[in-house]
Structure formats: C-alpha cells, structure tokens
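See below for the structure under consideration.
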Amino acid sequence: MSEKRKDYLSWDEYFMGVAMLAGMRSKDPNTQVGCCIVSKDNKILSMGYNGFPIGCSDDEFPWAREGGDPLETKYVYSTHSELNAILNYSGGSLAGAKLYVSLFPCNECAKAIIQAGIKEVIYDCDKYADTPSVIASKRMMDAAGVRYHQYHRTNREVKILL
Ligand SMILES: O=c1ccn([C@H]2C[C@H](O)[C@@H](COP(=O)(O)O)O2)c(=O)[nH]1
Ligand SMILES: [Zn+2]
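Once you know that position 104 of the sequence shown is 104 in UniProt numbering, the rest is easy, because the numbers rise by one and skip nothing.
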C-alpha cells in the first residue's frame, strides 16, 4: 500500500496561502492585503481583502496615496482586509478565532479584532512597524491579550494553473 504524501501544506502555509490568495483580489495598486479567519479547530470562517465598500466603484473612487486633498486619496475610502473579513462573517461569534493576514493590522483593524474576540494574529509583512498606527495597534493588542507573531516563511512555491 502506498504511504501518505509528506509534502502537504502545513496549517500555517494553508491559511497564510489563502490570505495571500484573497489579497490577489485587491485592486489597490500599491499594497494588496488579504486576510483569513480560522476557528480554534482549524476551520476557515471568513476571508477578506482591502477594497472600497459595496457601491463605491473601483473605477470612480481614487487609488492615489498622496495629494493635496485627502478626499482624492484611497485612505478615506478603503475598507481594510481584516475588517472586511470580520464583516463578511455571518456565522455568529468569532470569539477565540485566529486571524491570518499578509500585513500587520493597523490600529483601526486592531480595535475590530479585539472587539470581535479574536485571540491570535499571524501576520506576514510588517512594513509599517514604525508608524503610530501599528505601534498603537500592538499596544492595544498587548493590553487586550491578543497574541501576535510573524508567519515563518517556508519559501515553498505554490503553482496553480487557472
Ligand atoms: O490593517 C490594514 C492596513 C492597511 N490595509 C490596506 C489599506 C490600503 O489599501 C493598503 C495600504 O496602502 P499603502 O499604499 O501601502 O499605504 O493596505 C489593510 O487592508 N489593513
Ligand atoms: Zn486596518
């Protein structure tokens, strides 16, 4: 009898891979963020990516990062991947869940994560670690007992023909 496969994805690879795949739906030209929320017993509960709210056209609202008028930048309109994933969940409580995300959550997402009862955050990139937003995020998650740690990249290449 043949043995079971040995090179299957680990749970972390699987969930971070799903988060990264979700991020590939983002229309943000600079930073695409994906998120995957998982139950304590490793079941996927919800996913999300950064984008504009329903009814706010990707073609009409601005994707710019800078400009004299804040109303002409994406920041005042985009819904973050973590918030989308939390809001996309229609199954009841997310208490005790884990959240995989490709970018460290900002302070606004940290508030939503804490209030949803999510207990663990696994993130990939932390490129805004020095900003007040991420410093505040870590401060709030520390105070609220939300654990966070960086995903350990395995450098496994996953090829999917679509
Ligand atoms: O917690 C977060 C923080 C940011 N995002 C999204 C919001 C924006 O669409 C991009 C960041 O764009 P930059 O050009 O790198 O400033 O990331 C998120 O989804 N979650
Ligand atoms: Zn955020």
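Backbone N, C-alpha and C define an ideal beta-carbon position, used for all residues, glycine too.
What you are looking at is a predicted structure, and each value in this text was computed from that prediction instead of being measured.
{"Item": "Beta-ladder partner(s) of Glu-120, from DSSP", "Value": "Lys-98, Arg-147"}
{"Item": "Bridge partners - Tyr-49, DSSP secondary structure assignment", "Value": "Gly-34"}
{"Item": "The alpha helix (DSSP H) enclosing Val-155, as first and last residue numbers", "Value": "Reading the sequence as shown, one finds Asn at residue 155 and not Val. No alpha helix (DSSP H) contains Asn-155, which DSSP labels as neither H nor E."}
{"Item": "Distance, Asn-42 Cα to Trp-11 Cα", "Value": "8 Å"}
{"Item": "Three CB pairs or more closer than 8 Å across the segment 5-21 and the segment 153-161", "Value": "yes"}
{"Item": "The segment 63-75 touching the segment 90-102, judged by at least three CB pairs closer than 8 Å", "Value": "no"}
{"Item": "Buried or exposed (CB count within 10 angstroms, at least 16 for buried), Leu-162", "Value": "exposed"}
{"Item": "Cys-125 Cβ short of 7 Å to ligand 2 heavy atom set", "Value": "no"}
{"Item": "For Cys-125, the residue or residues it bridges with in DSSP", "Value": "Leu-103"}
{"Item": "Cβ-Cβ distance between Val-33 and Tyr-8 below 8 Å", "Value": "no"}
{"Item": "Residue(s) in a DSSP beta bridge with Ile-114", "Value": "Looking at the DSSP assignment, Ile-114 forms no beta bridge with any residue, so it has no partner."}
{"Item": "Check: Cys-35 C-beta below 7 Å from any heavy atom of ligand 2", "Value": "no"}
{"Item": "Sheet register partners of Thr-79 (DSSP bridge)", "Value": "Gly-51"}
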